[in-house]
Amino acid sequence: MQIPLLKGRFITDTDRRGGHRVVVINEALAELHFKGVDPIGHRMRVGQGNEFEWREIVGVVGTVKQTGLDERPRAQVYEPYLQHPYFSTFSLVVRTTAGPPTAVVPALRAVLGAIDPELPLARVRTLEELVGVTVRPQKFSVTLIGAFGGAALLLAAIGVYGVIAYTVGLRRQEFAIRVAHGARAPDILRLVLRGAAGMALAGIAIGVAAAWLMRSVVQNLLFDVSGEDPATYAVVAVVLGATALAASAIPAFRATRVDPVEALRGN
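Once you know that position 71 of the sequence shown is 71 in this note's numbering, the rest is easy, because the numbers rise by one and skip nothing.
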C-alpha cells in the first residue's frame with residue numbers, strides 16, 4: 001500500500017492469535033498522544049463496544065487519507081486481523097504484476113473456494129475504480145469551475161478586444177498624424193500595446209488582490225496546493241496578461257495600417 005514506515009516495524013505474519021498483542025499507529029495519533037515521546041513500546045487500549053484490551057505499539061506509519069482527497073489528517077490504528085477479528089467481513093487487496101487486474105478474479109474465487117466453498121467474494125473492484133469514485137465530486141467541481149473559468153477568460157478577451165478596438169478607432173487621426181510625422185508601424189504597434197498592457201496590469205492587480213482576500217474560501221477547492229502559493233498567482237497572472245495582449249494584437253495591427261491621407265481628409 002506504500003504507507004511509509006516512520007518508526008518500529010509493520011505488522012507481520014508472526015502477529016497471530018495467542019501471540020503478543022501489538023498495534024501500529026499513524027503519525028497523526030503519535031503527534032496527538034505522544035508528542036515529544038517515542039511511542040514505540042508504549043501500550044494503549046484498543047477495542048470496540050465493551051471489548052477493550054491493552055496492546056503494545058510496535059510501529060508508527062505515515063498518515064494517509066482513507067476516504068477522500070479532502071480528508072483531514074486523523075488518528076488511525078492498524079491491528080493484526082488474526083489477533084482480534086472484530087468484523088465478519090473484510091477486504092483483501094491483491095497486487096497484480098501483468099495483464100488487466102480483473103484477470104485474476106477467477107483465480108481468487110478458486111482459491112477462496114478451496115478454503116471455504118461458502119466464502120463469498122463480492123464487490124471486486126480495482127484501486128483505480130475506487131479512487132475514481134472517491135474523487136468524483138472533486139472532478140465535477142474542477143470541471144465546472146474550469147468551464148466557468150474558460151468562459152470568463154473568453155469574455156475577458158472579447159472585452160479587451162472591444163475596448164482596444166474602440167480606442168484605436170477614436171485615436172485614428174492621432175495615429176495618422178504620427179505616421180505623417182515619421183512614425184513607423186512598430187512605433188504605432190508599441191503605443192497601442194503599451195496602453196493595453198497598462199489596462200491589463202491594472203485588472204490583474206485588482207484580481208490578484210481579490211483572490212488573496214478570498215484565499216480561505218478557494219482553499220476548500222484545492223488539493224495539495226495552498227491558497228497562498230505564489231507560483232499559482234504567477235501562472236494565473238501570466239495567462240491573463242498573455243490573453244489580454246493577444247486580444248489587443250488585432251486592433252493594434254490595424255492601427256499600423258492607418259492611411260494618413262484617408263484619416264485626415266475630413267480635416
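All C-beta atoms in this analysis are idealised placements derived from N, C-alpha and C, irrespective of residue type, glycine included.
With a cut-off of 8 Å on the beta carbons, I'd call residue i and residue j a contact; round off their distance for me.
| i | j | result |
| --- | --- | --- |
| A247 | V192 | Contact doesn't hold; Cβ gap of about 12 Å is too wide. |
| L6 | V64 | No, L6 and V64 are not in contact; Cβ-Cβ is about 12 Å, not under 8 Å. |
| L153 | T243 | 6 Å |
| V105 | E79 | Incorrect: roughly 28 Å between the Cβ atoms, too far for contact. |
| P101 | A28 | With 8 Å as the limit, P101 and A28 do not qualify as a contact, their Cβ atoms being about 30 Å apart. |
| L82 | R21 | About 11 Å; that fails the 8 Å criterion. |
| R215 | G203 | With 8 Å as the limit, R215 and G203 do not qualify as a contact, their Cβ atoms being about 19 Å apart. |
| A75 | L32 | 6 Å |
| A200 | L245 | 7 Å |
How many angstroms separate the CA atom of residue i from the CA atom of residue j?
| i | j | result |
| --- | --- | --- |
| R125 | F90 | 14 Å |
| A107 | I40 | 39 Å |
| V160 | A252 | 12 Å |
| G195 | A249 | 12 Å |
| G207 | T167 | 23 Å |
| E62 | V23 | Strictly speaking, residue 62 in this sequence is Gly, with Glu absent from that position. Whole-angstrom Cα-Cα distance: 14 Å. |
| T96 | E129 | 15 Å |
| F10 | V58 | 8 Å |
| G113 | V93 | 17 Å |
| A180 | P260 | 6 Å |
| V163 | R172 | 14 Å |
| F34 | A205 | 46 Å |
| L144 | P137 | 11 Å |
| L127 | A103 | 14 Å |
| I268 | R184 | Residue 268 lies beyond the stretch modelled for the chain, which goes from 1 to 267, so this question has no answer here. |
Quick one: what's residue i bridged to in DSSP?
| i | result |
| --- | --- |
| G59 | G8, V24 |
| F140 | In the DSSP output, where bridge partners are listed per residue, F140 has none listed. |
| E31 | For E31, which the question treats as bridged, DSSP gives no partner whatsoever. |
| G47 | F52 |
| Y78 | V24 |
Does residue i pass the burial test, meaning 16 or more other C-beta atoms within 10 Å, or should it be called exposed?
| i | result |
| --- | --- |
| N50 | exposed |
| V258 | buried |
| I188 | buried |
| L175 | Note that residue 175 is Phe in the sequence shown here, rather than Leu. Buried, because 16 or more other Cβ atoms sit within 10 Å of the Cβ of F175. |
| A30 | buried |
| D229 | exposed |
| I25 | buried |
| D38 | exposed |
| I3 | exposed |
| L213 | exposed |
| L69 | exposed |
Worksheet entry | Completely contained alpha helix (DSSP H) runs for the region 138-225, where each covers 4 or more residues | Runs found: 172-180, 185-213, 215-218.
Fill in: Any alpha helix (DSSP H) of 4 or more consecutive residues that is wholly inside the region 89-136
Residue ranges of uninterrupted alpha helix (DSSP H) with 4 or more members, entirely inside the region 89-136 and ordered along the chain, are 105-115, 127-134.
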